[in-house]
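Asker:
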Amino acid sequence: MFQDLLRRLTQPNPAPIADADARLALTALLVRVARSDNDYSGDERALIDQITQDRYGLTASDAKALRDEAEAMEAEAPDTVRFTRAIKGAVAYEDRLAVIEALWKVVLADGQRAQEEDALLRLVTNLLGISDPDSAMARQRVSG
Numbered sequence: 084m085f086q087d088l089l090r091r092l093t094q095p096n097p098a099p100i101a102d103a104d105a106r107l108a109l110t111a112l113l114v115r116v117a118r119s120d121n122d123y124s125g126d127e128r129a130l131i132d133q134i135t136q137d138r139y140g141l142t143a144s145d146a147k148a149l150r151d152e153a154e155a156m157e158a159e160a161p162d163t164v165r166f167t168r169a170i171k172g173a174v175a176y177e178d179r180l181a182v183i184e185a186l187w188k189v190v191l192a193d194g195q196r197a198q199e200e201d202a203l204l205r206l207v208t209n210l211l212g213i214s215d216p217d218s219a220m221a222r223q224r225v226s227g
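In my numbering, each residue's number is its place in the sequence shown (first place is 1) plus 83.
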């Protein structure tokens with residue numbers, strides 16, 4: 084299943100993807116950013132679950148199941164550049180902007196901004212085609 088989605092996402096011109104596949108790909112991106120500082124905490128997992136519950140109207144068990152799938156997909160996904168460019172081609176700007184907000188929530192979850200997380204978020208923001216000012220505003224919205 085993951086290999087088929089990854090293959091479709093990394094084709095030269097990815098077609099729009101089904102909602103369930105988009106959920107999985109975007110959740111895998113949340114997992115990738117959370118894992119980037121080599122400290123994938125229970126708080127970060129809980130926050131990813133909460134984000135997917137809120138964003139997609141999932142139950143707690145469905146959110147956990149989605150995160151479990153996303154963790155497996157993230158482990159198999161190609162490098163961040165190809166994976167994120169593929170998402171850009173398949174997901175609308177507004178949805179990508181909402182993902183940047185969610186990514187900032189994950190980065191800020193532990194009260195610290197690790198260099199690895201900042202660097203990866205800057206890369207992901209650029210690869211998703213989100214402007215720096217839009218990313219900064221997203222960070223401000225979630226940091227309160």
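The beta carbon of each residue, even a glycine, is placed where N, CA and C say it ideally should be.
Could you give the distance in angstroms between the alpha-carbon of L49 and the alpha-carbon of G227?
Answerer: The question about residue 49 has no answer here: the residues shown for the chain are numbered 84 through 227.
Asker: Just confirm the distance between the C-beta atoms of L210 and K147, as a whole number of angstroms; I'd bet it's less than 8 Å.
Answerer: Within the sequence shown, numbered from 1, the residue matching residue 210 stands at position 127. Within the sequence shown, numbered from 1, the residue matching residue 147 stands at position 64. About 28 Å; that fails the 8 Å criterion.
Asker: On the CB-based measure, 16 or more other CB atoms within 10 Å of its CB, does S144 come out buried or exposed?
Answerer: As a first step, residue 144 must be located in the sequence shown, where it is residue number 61. Burial call: exposed.
Asker: Would you give the residue range spanned by the alpha helix (DSSP H) that V189 belongs to?
Answerer: Reading the sequence shown from its first residue, position 106 is the one you call residue 189. Note, V189: alpha helix (DSSP H), 176 to 191.
Asker: With distances taken from CA atoms, which of R118, I213, V114 is nearest D178?
Answerer: Counted from its first residue, the sequence shown places residue 178 at position 95. Ranking R118, I213, V114 by Cα distance to D178 puts I213 first.
Asker: Go ahead and pull the three-state DSSP assignment for D122.
Answerer: Here residue 122 refers to the residue found at position 39 when the sequence shown is read from its first residue. In this structure, D122 counts as coil in the three-state DSSP scheme.
Asker: Could you tell me the boundaries of the alpha helix (DSSP H) in which S226 lies?
Answerer: Position 143 of the sequence shown, counted from the first residue, corresponds to residue 226. S226 -> alpha helix (DSSP H) spans 215 to 226.
Asker: Just to confirm, is the Cβ distance from T135 to R118 under 9 Å?
Answerer: The residue labelled residue 135 in the question sits at position 52 within the sequence shown. The residue labelled residue 118 in the question sits at position 35 within the sequence shown. The answer is no: Cβ separation not under 9 Å.
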